[in-house]
Amino acid sequence: MILVWRMIKNISIIYDTKKFISVKENFKLLTFSCFWLYFFMKVYAVIVGAGRGKRFGGLKQFIIFQGRPLLIYTTEIFEKSELVDSIIIVVPKEMLRKTKKLLNFYCLKKVDEVIPGGERRQDSVYNGIKAIKDDNGVVIIHDAVRPFISQNLINKGINLCKKYKAVIFGMPIFDTIKLVKGNKVIQTIPRVSPFAVQTPQFFNIKLIKEAYDKVDFKKEFTDEASILESLGIPVYIFKGDPENIKITTKQDLKFFKTSI
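The opening position of the sequence shown corresponds to residue 131 in this note's numbering, with each subsequent residue numbered one higher.
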């Protein structure tokens with residue numbers, strides 16, 4: 131803060147209705163504004179836990195493990211982040227009351243909103259994004275059922291997003307991938323450079339809001355990056371973490387239990 135105060139003192143702009151601010155002073159003001167926006171923009175995390183768990187057979191985000199629901203376990207990671215300012219949680223409408231009680235019980239102070247999800251994932255994410263009143267900053271979108279996200283990856287994503295505006299992580303796929311219908315192979319996917327994409331995904335808030343407003347929402351999108359891609363907006367991908375798995379099946383849950 132001392133550095134910021136010194137910068138403010140050095141930008142001595144004397145405003146007079148009879149004078150225009152000089153080019154030099156304008157440059158100083160612009161430089162400071164850019165510095166402020168880059169280093170002090172707020173960071174929001176939208177934790178998406180509105181799924182019905184059809185493949186799992188229940189609401190897996192509320193499974194109790196070591197005394198804590200999975201949703202709480204994941205949210206605590208963002209609660210502990212030094213770079214995350216505010217958390218928004220999206221859950222099924224009927225779980226709003228229970229979720230708020232859990233948040234109070236576990237004293238999660240950064241959670242500012244608990245809102246109902248929609249019919250599809252993209253609807254739930256949109257509800258979360260709309261709850262952010264700010265247009266300047268970074269929004270992190272993360273699956274509630276990915277409990278192995280590291281602080282290092284969160285920090286890396288935030289810093290990269292300030293530069294690239296749309297950043298995702300994933301793991302390169304080295305196996306041969308085939309499209310299958312029933313037991314019949316339909317097509318082999320060319321193994322050029324496929325990635326298995328993970329969450330969290332990181333976006334400039336204004337950029338992702340505008341993308342959601344422009345896109346044809348009748349189409350199905352499996353992640354937020356694909357919405358930007360459909361509009362021709364560049365998305366940048368970096369290597370993720372092999373342990374950052376999503377708990378989709380009971381087999382994944384077994385891995386979760388052995389990893390704690």
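Ideal Cβ placement from N, Cα and C applies to all residues, glycine included.
Please read these numbers as outputs of a predicted model, since none were measured by experiment.
- Annotated as distal: D215 and L283, with beta-carbon spacing of 8 Å or more.
- Contact check for V241 and L233: beta-carbon distance about 5 Å, within the 8 Å limit, so the pair qualifies.
- Sequence-distant Cβ neighbours of F208 in its own chain, meaning closer than 6 Å and more than five residues away, are A175, V214, I217.
- With distances taken between CA atoms, L309 lies nearest to Q317 out of I303, P302, Q317.
- Within the stretch 306-370, complete beta strand (DSSP E) segments of at least 3 residues are found at 308-311, 314-318, 325-327, 331-334, 366-369, given in chain order.
- With fewer than 16 other Cβ atoms from the protein chains shown falling within 10 Å of its own Cβ, P302 counts as exposed.
- Note on the stretch 238-290: whole alpha helix (DSSP H) runs with a minimum of 4 residues are 251-260, in chain order.
- Going by beta carbons, P330 and I279 fall inside the 8 Å limit.
- Between K369 and the set A326, T388, F333, the nearest pair of CA atoms involves A326.
- With a cutoff of 8 Å on beta-carbon distance, N266 and I335 are scored as near each other.
- Between V269 and D382, the alpha-carbon positions lie close to 27 Å from each other.
- Of all alpha-carbon atoms in F347, V255, I338, the one lying nearest the alpha-carbon of A296 is that of I338.
- C237 and K231 have their alpha carbons spaced roughly 10 Å apart.
- With the rule of 3 Cβ pairs closer than 8 Å, the stretch 243-262 counts as touching the stretch 350-362.
- D305 and V315 have their alpha carbons spaced roughly 15 Å apart.
- When the beta-carbon positions are compared, P277 and L200 come within less than 8 Å of each other.
- About 15 Å separates the beta carbon of V255 from that of E340, a gap too long to meet the 8 Å contact definition.
- If you draw a 10 Å sphere on the C-beta of N313, you find fewer than 16 other C-beta atoms in it, and that means exposed.
- Sequence-distant partners of T229 (beyond 5 residues in either direction) whose C-beta falls short of 6 Å from its own C-beta, in its chain, are V221, V244.
- For Y174, no alpha helix (DSSP H) encloses it; the enclosing beta strand (DSSP E) starts and ends at 172-178.
- Linking K293 to F332 through their CA atoms gives a straight-line distance of about 11 Å.
- F299 is the residue among V178, F299, P246 whose C-alpha sits nearest the C-alpha of K286.
- For F235, the enclosing alpha helix (DSSP H) has its first and last residue at 226-235.
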